[in-house]
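Asks: Provided herewith is a single structure, encoded as structure tokens, for subsequent inquiry.
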Ligand code: AMP
Ligand code: MG
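In my numbering, the protein residues as written are 9 to 294.
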């Protein structure tokens, strides 16, 4: 670490953010900044520094895959509209090299996707070795919007929690570290962000009239998120709960979750698989 800025965290951020059994979605304070003892004024410099750390680790992950390391990382972003998923993609993951990023957004399924099992489109999107996958929404929509809107009967979505746990287990067994992040914005803050989208022509593209319909179903979504956290936070793929009313905080926090996961992989630079000295001589002679 090049400065003491990371020590603005009281201790490892993931410990503050990991979902623990018994935690209630209703008790989440989206304004909170758990574990961070700095202020908004500290954020830009710290974000820049930690983006660089993330980028270096990402490059190491990618470099190792070139010499046979099968490991990868998958960041799963879930949250209501305006929670800031796009900002995480742009300002956090965007600090990495696009060569090693495997981004997928999951919207309303196409007719083709609907004709398959709900995990079909997800399986096709899992990151290859050496990559950092990003799911901007995910298979969790199949127990969130699908449950809230009764798009399939309860007898069908009920079985999905266990199925998702088993699917994620397969992924982690195959060498993918999964970081699941539930992003929580408050109803008031969402209103402000939607209003801004309506006030600014450069933000119209982000606005969808259906967002208001989802907003009206907030309590049902809270219930559906609670079930997701209770039933799919596993030892192999735990959930993290990130308060998102302050974008500077959520970006710093998710950057730390990525860094922490990458550091756990203990990535060194892969050794040369050629004779360095011999190659230097060959190069010098031509
Ligand atoms: P956005 O992320 O703003 O582009 O919106 C995508 C929309 O697609 C959201 O309203 C999601 O809830 C919806 N969506 C994503 N996955 C599914 C799914 N499996 N079934 C139905 N709607 C979905
Ligand atoms: Mg949207």
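We put the CB at the ideal spot given by N, CA and C, even for glycine. These numbers were taken from a predicted model, which means no experiment stands behind them.
1) Pull up the distance between the alpha-carbon of residue 10 and that of residue 85, whole angstroms please.
2) Under the rule that 16 or more other beta-carbon atoms within 10 Å means buried, what is residue 253, buried or exposed?
3) Looking at C-alpha atoms only, which residue of 56, 141 and 119 is the closest neighbour of residue 82?
4) Taking 9 Å as the threshold (beta carbon to beta carbon), is residue 194 in contact with chain B?
5) In its own chain, which residues sit with a C-beta less than 6 Å from the C-beta of residue 110, not counting the 5 before and 5 after it?
6) Along the chain, where does the alpha helix (DSSP H) that runs through residue 257 open and close?
7) Which runs of the alpha helix (DSSP H) spanning at least 4 residues fall entirely within the segment 15-78, listed in chain order?
8) With a threshold of 8 Å, establish whether the CB of residue 72 neighbours any heavy atom of ligand 2.
9) With DSSP run on the structure shown, which of helix, strand or coil describes residue 95?
10) Could you please give the first and the last residue of the uninterrupted beta strand (DSSP E) stretch that includes residue 144?
11) Should residue 207 be labelled buried (16 or more other beta-carbon atoms within 10 Å of its own) or exposed?
12) Look at residue 16 and residue 65 and say whether their C-beta atoms are less than 9 Å apart.
13) Label residue 56 either buried or exposed according to how many other C-beta atoms from any shown protein chain fall within 10 Å of its C-beta, with 16 as the threshold for buried.
14) Let me check one thing: in DSSP terms, what residues is residue 185 bridge-paired to?
15) Give every residue of the same chain whose Cβ lies closer than 7 Å to the Cβ of residue 201, excluding the five residues on either side of it in the sequence, and list them in chain order.
16) Tell me the DSSP secondary structure of residue 10 in three-state form.
17) Which runs of the alpha helix (DSSP H) at least 4 residues long sit entirely within the segment 115-180? Give them in chain order.
18) Measuring CA to CA, which of 194, 179, 165 and 215 is closest to residue 203?
19) Check whether the Cβ of residue 219 lies closer than 8 Å to any heavy atom of ligand 2, and answer yes or no.
Replies: In brief:
1) Annotation note: pLDDT 45 at residue 10 (below 50); position unreliable, coordinate value reported separately. Computed Cα separation, rounded: 29 Å.
2) buried
3) 141
4) Protein chains in the displayed structure number just one, and chain B is not present.
5) 135, 139 and 141
6) 255-272
7) 21-25 and 51-73
8) no
9) helix
10) 140-144
11) exposed
12) no
13) exposed
14) 81
15) 90
16) Its pLDDT being 45, under 50, residue 10 is placed unreliably by the model, and nothing is read from it.
17) 119-122, 128-131, 153-156 and 162-166
18) 215
19) yes
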